[in-house]
Amino acid sequence: MQPSPSRDPYGAALSTVRRFAADGRFVPGEPIVVTELAAEVGFSPTPLREALACLAGEGLIERRRGRGYFYPELSPAELIDLFELQLAYVHAALTLWPRGIAPLRKAVGAIDPHGDAQALFGAIVAQSGNQALISAHGRVAERLKAALSAGGRDEGEAWTVRAMLAAIAEGRIAVLIDLLRIHHEHRCARIPVRGVESV
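Under the UniProt record's numbering, the residue at position 105 of the sequence shown is numbered 105, and the numbers go up by one with no gaps.
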């Protein structure tokens, strides 16, 4: 894949790595070899290295001192932390600056009732109009993408998505908030426990 020449090679490299991460191009735990990735996308290693350093600062890429860059592999505890943060962001979008049910219904109108919850959560947060909240939620959603795609589809999640959309259509925000909690508990319970030390 050869990108067109850019006046901003750093910006182009940053966009490319973000897109690769969003598209599931990297496998959790995979080392990112700067020279190989630079050759693959047609950038010089310097702007690509700068982009990786920026994304490491955001937590999207992991930098291991003396070992290079890696696509992060989330531990069960980190995954639960991100789930809890996402739940808080969605809840905040519903309560921090309530705009009424009409904008919420409009925001989720195009959501596939058989799709995953991430699109629904993104729409709920976006309708809040709070740019800081939207940006923070976007970073969490990016970090969750690879882990969630590796987990496969779950019928319990599909049920809660349909139920949450129905609650929004009926204007039942309290029910929606209860369903968010149920969804959160369900997905936390599905996380495989690896190497958990007893306390």
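We put the CB at the ideal spot given by N, CA and C, even for glycine. Please read these numbers as outputs of a predicted model, since none were measured by experiment.
Item                                                                                                                                    : Value
Give the DSSP-derived three-state secondary structure of P192 in the structure shown.                                                   : coil
Nearest to L82 by alpha carbon, out of G24, A141, L55 and L96?                                                                          : A141
So, using beta-carbon positions, are A90 and A117 closer together than 7 Å?                                                             : In the sequence under discussion, the amino acid at residue 90 is Val, which differs from the Ala named in the question. Cβ distance not < 7 Å, so V90 and A117 don't count as in contact.
Rounded to whole angstroms, what's the CA-CA distance from A56 to L133? Just pull it up for me.                                         : 21 Å
How long is the line joining the alpha carbons of A147 and E78, rounded to whole angstroms?                                             : 11 Å
If we ignore side chains and look at the alpha-carbon of each, how far apart do A169 and A163 end up?                                   : 10 Å
For the putative contact between P45 and T35, defined by C-beta atoms under 8 Å, what is the C-beta separation to the nearest angstrom? : 6 Å
At the level of alpha carbons, what is the spacing between residue 268 and D8?                                                          : Since the first and last residues shown for the chain are 1 and 199, residue 268 lies out of range.
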